[in-house]
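Residue numbers (this note's numbering): 23 to 384. Taking it in order: structure first as structure tokens, then the write-up.
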Amino acid sequence: MNEISSPPVRKIVHVDMDAFYASVEQRDNSDLRGKPIAVGGSAARGVVAAASYEARKYGVHSAMPSVTAKRKCPELIFVPPRFAVYKAVSQQIREIFAEYTPLIEPLSLDEAYLDVTQNLKGMTVATEVALEIRAKIKQVTGLNASAGISYNKFLAKMASDLNKPNGQAVITPKNGPAFVEQLPVRKFHGVGPATTEKMHQLGIETGADLKEKTLEFLIEHFGKSGPYFYGIARGIDERQVKPDRVRKSVGAEDTFSQDLHAFEPAREGLQPLIEKVWGYCEANGIAAKTVTLKVKYADFSQITRSKTVLAPLPAIADLEEMVNLLLAPIFPPRKGIRLLGVALSSLEERAPAAEPQMRLAF
């Protein structure tokens, strides 16, 4: 009787560039090296898009209002973002990935999943693949990358944060479940502030607490995310690395520590979300014609507002303008705003730019 061989354990690498935007600026301007810098606007209504590790020591981080960042770090240097440069560097990094595997799933300009189970170099040890890729990125771009290696996407993502910056970590099938059990749910990738708060209310503080809940319980309280939470609590994530996945939409949202009541703080809170979704589209060569604004109030009621244009949005400035047009009419709000989100849909492949395009009028 022939034995049925089990499929090989998957080898997933999550590569995450270290302080990507800020590191590019420090690379290109020697006067900025070793200094605390923030990519973003320094004006009163500006928002930090990225912070160097020197700035992070002071508690400066992305999505922080610039005035708060400056207060935390008086020596902070603000640098305007150069998205065209970041995109070009991202493409260099993508080409390095492609030397090792065709199974590349970009998440943004600065991070991606790679399935190296069967790789183009014939390398059998995934940690060596990650080391080689990181070394090649450093050689070609002058930038540092961190990596996480594991048998599924969730754990590879979690591992990439363990030895940042400029390091890597492995979570093996043997220690994966135990790693998840001791982890606070607030640190789970894919569990945002609102879900963390809901889990805490249900007595779920750690992966071990989550593992105790039945699948039925998790579906009852978290809907379609229930099976995903049930799996990752056990170190199980069957999602494939999908290089050619067709997305119907891409979105980002944030829950604020204090409810918002004025337009400017809301606009500032939306800026990093705009940059995140635009960065994803840039990294994947796609463009959108529909923009949706999500607003959740303090009482958990929510509304959405959408606008569709005839041609895909050509520049991030057009997206910012469209979001502002959707945001303005809801002020003054009937209640405090606890969450804002931006989603792009009606996605299509971005056409190569033949000549400068005029700004769209909305």
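Note that the Cβ used here is the ideal one computed from N, Cα and C, for glycine as well. Model, not experiment: these values are computed from the prediction.
For Y43, the enclosing alpha helix (DSSP H) has its first and last residue at F42 to D50. In the three-state reduction of the DSSP assignment, T330 falls in the strand class.
Beta bridge pairing from DSSP links K160 with no other residue. For L332, the CB contacts under 8 Å within the same chain, skipping 5 residues up- and downstream, are K311 in chain order. Out of T139, Q223 and E127, the CA that lies nearest to the CA of P30 is found in T139. Straight-line spacing of the CA atoms in A181 and L348 works out to 38 Å.
The three-state secondary structure of M86, taken from DSSP, is coil.
Nearest to H36 by C-alpha distance, out of R256, E117, P128 and S323, is P128. A60 places its beta carbon less than 8 Å from that of L98.
The region 235 to 322 is shown to contain whole alpha helix (DSSP H) runs of 4 or more residues at 237 to 244, 248 to 254 and 285 to 306, in chain order. The DSSP assignment places complete alpha helix (DSSP H) segments of no fewer than 4 residues inside the region 111 to 176 at 148 to 163, in order along the chain.
Taken through DSSP and simplified to helix, strand or coil, S368 comes out as strand. Taking L142 as the centre and dropping the five residues before and after it, the same chain places the C-beta of E121, Y122 and T123 closer than 7 Å to its C-beta, in chain order. Beta-carbon to beta-carbon, I308 and E227 are separated by about 38 Å, too far to satisfy the 8 Å threshold.
Taking 8 Å as the cut-off, the beta carbon of G273 is found closer than this to the beta carbon of G363. Within the model, the alpha-carbon separation for A85 versus Q280 is close to 14 Å. Contact check for Y108 against Y43 passes: the beta carbons are separated by less than 8 Å. Taking a cut-off of 8 Å on C-beta distances, the region 243 to 254 does not touch the region 187 to 200, as fewer than three cross pairs fall below it. The C-beta separation of A91 from V101 comes to about 12 Å, leaving the pair out of contact by the 8 Å criterion. Looking at the DSSP output, G363 shares a beta bridge with E275 and K316. According to the DSSP secondary-structure assignment, V37 is paired through a beta bridge with A134 and A169.
Under the three-state reduction of DSSP output, F100 falls in the strand class. In terms of CA proximity to F322, L361 leads the group E260, M344 and L361. For the options A255, S112, K158 and T149, the alpha carbon positioned closest to that of D132 is the one of S112. Just so you know, the alpha carbons of G229 and D259 end up roughly 14 Å apart. Within the same chain, and ignoring the five residues on either side of K270 in sequence, the residues whose Cβ sits closer than 8 Å to its Cβ are S367 and L369.
Residue range I59 to G62 is occupied by the beta strand (DSSP E) that includes A60. About 6 Å separates the Cβ atoms of V162 and I118, confirming a contact at the 8 Å cut-off.
When secondary structure is reduced to three states using DSSP, P195 falls in the coil class, being assigned neither helix nor strand.
Scanning its chain for C-beta atoms nearer than 7 Å, with the 5 sequence neighbours on each side dropped, one finds around I159 the residues I115, I118, L165 and A167, in chain order. Residue Q262 holds the alpha-carbon nearest to the alpha-carbon of K175 among D50, Q262, V317 and Y302.
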